[in-house]
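Only one structure is covered here, and it is reproduced in the block below.
Residue numbers (our numbering): -15 to 277.
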């Protein structure tokens, strides 16, 4: 067990996690501006984007790049600086660090090194979209970006199909059409959903309808901007034990669905074998394509 008292440690470095606006700069908090002004160094996902923010608020603090491609190199450097007593703020391009953005590995490294990690509240695209969506605000399940590989994305969606919570996804405009088609296929055409585009910006827009309607819109309209995709939860979820088995469905799809839902691979194979009335070893061989070698 470890106890952190964020504001009772007067000596040593602190890592401050500072959210930044998701579009409208007026959403920057007074505390965030004060923190970025007071720290010794800002670890930024993209120093060019962050510099625009710093210039707007007349903040002159130095920056260092910290993104997904230099994480392993930067973390030891930042930990060393923190141990020397430097105060460091970490920011992503928009929204909260670690939420579909860099930050989590640095937080863990600080915790392991007994360096206080101090989070600041601020803008978050998923929650901003949720409260205006009209879908049930709680419980909700934040997923972020689905996998880019079609097979893996479909398996993820299959694993989420039974969840009763409102689901929150992020998606880029060039992948939105295919993602909505996959969601409609996996959740059903009539599942209610909401697209939230360009949140807090001039062209903020909400599109509410069924997954089929939204998929059709994405296929016929020019899609621009970053999207939050919200999908209503399954109102009548069933468990694997009570779901009829579609014997025409590939075994690897069934196993992948259970894995995406959180089961370990061997447990998923065992469950599929039970549902299909087959031996576990046979499902294992088919899933791993051992008979094709």
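Quick reminder that beta carbons are idealized off the backbone N, C-alpha and C, glycines included.
- Message: Tell me the rounded alpha-carbon separation between residue 63 and residue 27.
- Response: 12 Å
- Item | Which residues DSSP lists as bridging residue 155, in chain order | 211
- Sequence-distant residues of the same chain with beta carbon closer than 7 Å to residue 201, five excluded per side: 191
- Item | Cβ distance (whole Å) where residue 72 is taken to contact residue 130 below 8 Å | Not really, about 32 Å apart at Cβ, beyond 8 Å.
- Message: Suppose you measure from the CA of residue 225 to the CA of residue 173; what does that come to, to the nearest Å?
- Response: Residue placement at residue 225 is flagged as unreliable, the pLDDT there being 45, under the threshold of 50; the coordinate-derived value follows with that caveat. In a straight line, the C-alpha of residue 225 is about 24 Å away from that of residue 173.
- How far does the alpha helix (DSSP H) with residue 143 in it reach, from first residue to last? 134 to 144
- Have a look at residue 256 and residue 141 and give me their C-alpha separation to the nearest angstrom. 18 Å
- Whole-angstrom C-beta distance between residue 6 and residue 150, which should lie under 8 Å: Going by Cβ atoms, the distance from residue 150 to residue 6 rounds to 19 Å, so no, they are not a contact pair.
- Would you kindly report the start and end of the unbroken alpha helix (DSSP H) that includes residue 17? 14 to 22
- Task: Using the Cα positions of residue 211 and residue 92, report the straight-line distance between them to the nearest angstrom.
- Result: 29 Å
- Task: Could you tell me how far apart the beta carbons of residue 215 and residue 167 are, in whole angstroms, since I believe they sit closer than 8 Å?
- Result: 6 Å
- Message: Considering only the alpha carbon of each residue, which of 55, 108 and -5 lies closest to residue 99?
- Response: -5
- Message: According to DSSP, residue 180 sits in a beta bridge with which residue or residues?
- Response: 190 and 212
- Message: Alpha carbons only, please: which of 90, 217, 218 and 119 is nearest the one belonging to residue 178?
- Response: 119
- Item | Residue from 59, 159, 110 and 126 with nearest C-alpha to residue 133 | 159
- Task: Using three-state DSSP, classify residue 121 as helix, strand or coil.
- Result: coil
- Message: Does any residue of chain C have a CB that is nearer than 8 Å to the CB of residue 45?
- Response: Protein chains in the displayed structure number just one, and chain C is not present.
- Identify the residues that DSSP records as bridge partners of residue 128: which are they? 153
- Taking the DSSP output, what are the residues bridged to residue 49? 28
- Taking only runs that begin and end inside the region 91 to 119, name each unbroken alpha helix (DSSP H) of 4 or more residues, in chain order. 109 to 117
- Message: Report the CB separation of residue 48 from residue 90 in whole angstroms; it is logged as a contact under 8 Å.
- Response: Wrong, their Cβ atoms sit about 12 Å apart, outside the cutoff.
- Item | Three-pair Cβ contact test at 8 Å for the region 32 to 43 versus the region 108 to 124 | no
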